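There are 2 protein chains.
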Amino acid sequence: MTGIAGSGIRIGLDVGGTKIAGLAVADDGTHLAAVRRPTGWGDAAVVDGAVAAVTALIEQLGESSRSIRSIGIGIPGLVDASEGLVLHAVNLGVASLGLASRVREALGIPCFVENDVKAAALGAASLRPGAEPMAYLNLGTGVAAGLIIGGRIWRGARGTAGEVGHLVVDPQGRVCGCGQRGCIETLCGGGALARAWGRGGDLPVKDILDAADSGDERAAGLRADLFRGAAAAVRALVLSTDVETVVIGGGLTALGPRIEPGIRARLRSDAAESPFMQSLHLDERIELLTGDSPVAAIGAALLGAAIAVPSPLDKEMPSHG
Amino acid sequence: MTGIAGSGIRIGLDVGGTKIAGLAVADDGTHLAAVRRPTGWGDAAVVDGAVAAVTALIEQLGESSRSIRSIGIGIPGLVDASEGLVLHAVNLGVASLGLASRVREALGIPCFVENDVKAAALGAASLRPGAEPMAYLNLGTGVAAGLIIGGRIWRGARGTAGEVGHLVVDPQGRVCGCGQRGCIETLCGGGALARAWGRGGDLPVKDILDAADSGDERAAGLRADLFRGAAAAVRALVLSTDVETVVIGGGLTALGPRIEPGIRARLRSDAAESPFMQSLHLDERIELLTGDSPVAAIGAALLGAAIAVPSPLDKEMPSHG
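Chains A and B are the protein sequences, given in the same order.
Each residue of the first sequence is one higher than the one before, counting from 104 in the working numbering.
Each residue of the second sequence is one higher than the one before, counting from 104 in the working numbering.
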């Protein structure tokens, strides 16, 4: 099974706080194999988990590792993509890990690492040709975006492009995990909504929507916050960078049909008194992914291909800390 | 005087609501001649004023018009740079004007048109090599920014990149000219501050600062709004695009030494509770131009050079209207 057919296979891993989702992708974008494994805690467990996921995919494919062109890993936290370093991935117990080199040494396959939201942005853009320039807005535990310009991840000068979750939109708002008050993330981050709801549960945002549907006023207020925050994030992205499209993904999009109309309606009502804002047609420029769309793994698989072609846009992030 | 020495001369015009500032610039950036003229009202007067400014510069230079490589015009309003059209420049009485072609026909010199803030961004970047990616934040009657990536103006998908003045940062704030409430521009736009102050005068923002210095509490509140709004604009630009530098220009920078420390202090105090925001060092990433820095004319002079070299970043704006 090796040879020409196998020569274009790239593997992408989406390493999350609880699970690793892996995909093997052909040059034409076809998904050839998929795997899902629990994530471990700490440097060695993260490396071992990634290696095991790749090994399982190669076994499924019936290929030798020589037929895999590259491995890409999307992972939360601060990532130095040029050095393949993961820095401050607190949910994984990683402070500073040379993940790319460790996986490359274990498997003998070129390996690239990227922040998971930025990887997902690349994946989302690959599924939406013509939607560029594009922002991918991740509504998960936290809120952050990735920008795609000219087919590539726009990292900015220091790697913090897309951090719109920490723009303050209400000086009277709730205190954010970042220390500021009234960040966008306090309104539409899953973690912040769960804390504000305060009743625990595995799916607190779903619980909030259910309670709001049942007439609970506090839940209705939090649901309104979710729509308001997501609308503010879309505005921040379009008014600063004028992306054509904002693709919304992340854990909260598992509730997509229950939140998409509300976000669009909020974008419209916020623009009701402003001909300028209406002229931007923001409600028509957003698109929600389905909750199970594996964009981070797809984008991770593209990292090797994307990084191999330098461009004037390919800003490398300096190492932090 | 024609020949090699003259072959690199470019002319840049900054067409404002009351005056046209023109510059003749050599290839090495030297300013060879400067002119200042009043601006007229309406299509014909705007064209005639631009032509007269160029003619005056050529006379000063003692050159023939053949030695001028290009004319660039920065002008307020919505500009379709690819077509050389000025659209909705309400302060000039222009609804839709083919300014580039009219000036080209009159003088026989290639002519390019750009929004004045975007032209100023290009000019500011040319004065600050190594400061890229860069945002130029214009604090004038209104508030808007221009982004420079890879040496070029980033227009975005529809030409509205940099419109951070209309991001809402306080739902309880003042109503903006755009129709929304609590836009950044309501806090730090010269027009909005003058309206809030309500006492007329030629230099209302200077009057506000003077009154604040004398202990007037309402003026002190408006001064605090100015610092707060400018700090919010800087955050919006850096957290969305991660520009390395935010260069601040525009009419309000005539008051530079009286506002720069306040903007820096506000950036620091807003970050006081947030290690994440502190890690961005925003107060060190801003730079105020002096009030008389002719960045818009300098940038306009560069339009011909910049537009002549296509790049993947050279997004053209579709025609609006």
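No residue lacks a Cβ here, since even glycine has one placed at the ideal position from N, Cα and C.
Computed from a prediction, not measured in an experiment: that's the story for all the values here.
In the structure shown, A/G318 falls within a coil segment according to DSSP collapsed to helix, strand and coil.
If only complete runs of 4 or more residues are kept, the region 167–234 of chain B shows the alpha helix (DSSP H) at 202–210 and 219–230, in order along the chain.
Annotation: B/R258 is outside any alpha helix (DSSP H) and is labelled neither H nor E by DSSP. Contact annotation, A/A224 with A/E235: C-beta distance approximately 11 Å; criterion of less than 8 Å not satisfied. For A/G180, not one C-beta of chain B is nearer than 8 Å to its own C-beta.
Here B/T348 is bridged, per DSSP, to B/M237. In this chain, A/G143 is not harboured by any alpha helix (DSSP H), its DSSP state being neither H nor E.
When the Cα atoms are used, B/A327 and A/A333 turn out to be separated by approximately 28 Å. Taking the Cα of B/R169 as reference, the smallest distance to any Cα among B/R113, B/L190, B/I123 and B/D151 is reached at B/R113.
Under DSSP, no beta-bridge partner is assigned to A/A375.
Between A/A339 and A/G125 a beta carbon distance of about 33 Å is seen, past the 8 Å cut, so the two are scored as non-contacting. The beta carbons of B/K221 and B/I256 sit closer together than 8 Å.
Contact check between the region 143–153 of chain B and the region 191–209 of chain B: three or more CB pairs, one atom from each, fall below 8 Å, which counts as touching. Under DSSP, the beta-bridge partners assigned to B/R284 are B/V278. Membership of A/G294 in the alpha helix (DSSP H) is indicated by the continuous run G293 to W300.
For A/G253, no beta strand (DSSP E) encloses it, and the DSSP letter there is neither H nor E. Ranked by Cα distance from A/V308, the options A/G292, A/R172 and A/D130 are led by A/G292. When 9 Å is used as the limit between beta carbons, B/H269 is near these residues of chain A: R338, L342, S377, F379 and M380, in chain order. Residue burial annotation: A/D131 is exposed, with fewer than 16 other C-beta atoms found within 10 angstroms of its C-beta. Per DSSP, the beta-bridge partners of B/H134 are B/V128.
Within the DSSP bridge table, the entry for A/V271 names A/C286 as partners.
Taking 8 Å as the cut-off, the Cβ atoms of A/G394 and A/T356 count as close.
When 9 Å is used as the limit between beta carbons, B/G265 is near these residues of chain A: L342, S343, T344 and D345, in chain order.
In the assembly as shown, A/T289 is a buried residue. Its beta-carbon has 16 or more other beta-carbons within 10 Å. Using a Cβ-Cβ distance cut-off of 8 Å, the region 369–383 of chain A and the region 266–278 of chain A are not in contact, since fewer than three pairs of beta carbons, one from each stretch, lie closer than that value.
Taking the Cβ atoms as the reference, A/D310 lies roughly 7 Å from A/W300, within the contact range of under 8 Å. Among the residues facing chain A, B/D328 is not included, as its CB has no counterpart in that chain under 8 Å away.
Straight through space, the alpha carbons of A/P274 and B/H191 are spaced by roughly 34 Å. The DSSP-derived three-state label of B/R388 is coil. In this structure B/T344 touches B/A238 by the C-beta definition: roughly 7 Å separates them, less than 8 Å. Taking a Cβ-Cβ threshold of 7 Å, the residues of chain A close to B/V272 are V271 and V272, in chain order. Put simply, the CB of A/A153 is far from chain B, with every gap to its CB atoms at 8 Å or more.
Per the C-alpha coordinates, the member of B/L406, B/P397 and B/G407 positioned closest to B/V138 is B/P397.
Distance from the CA atom of B/I161 to the CA atom of B/A136, rounded to whole angstroms, is 8 Å.
From the beta-carbon of B/Q163, no residue of chain A is found nearer than 8 Å; the closest lies around 37 Å away.
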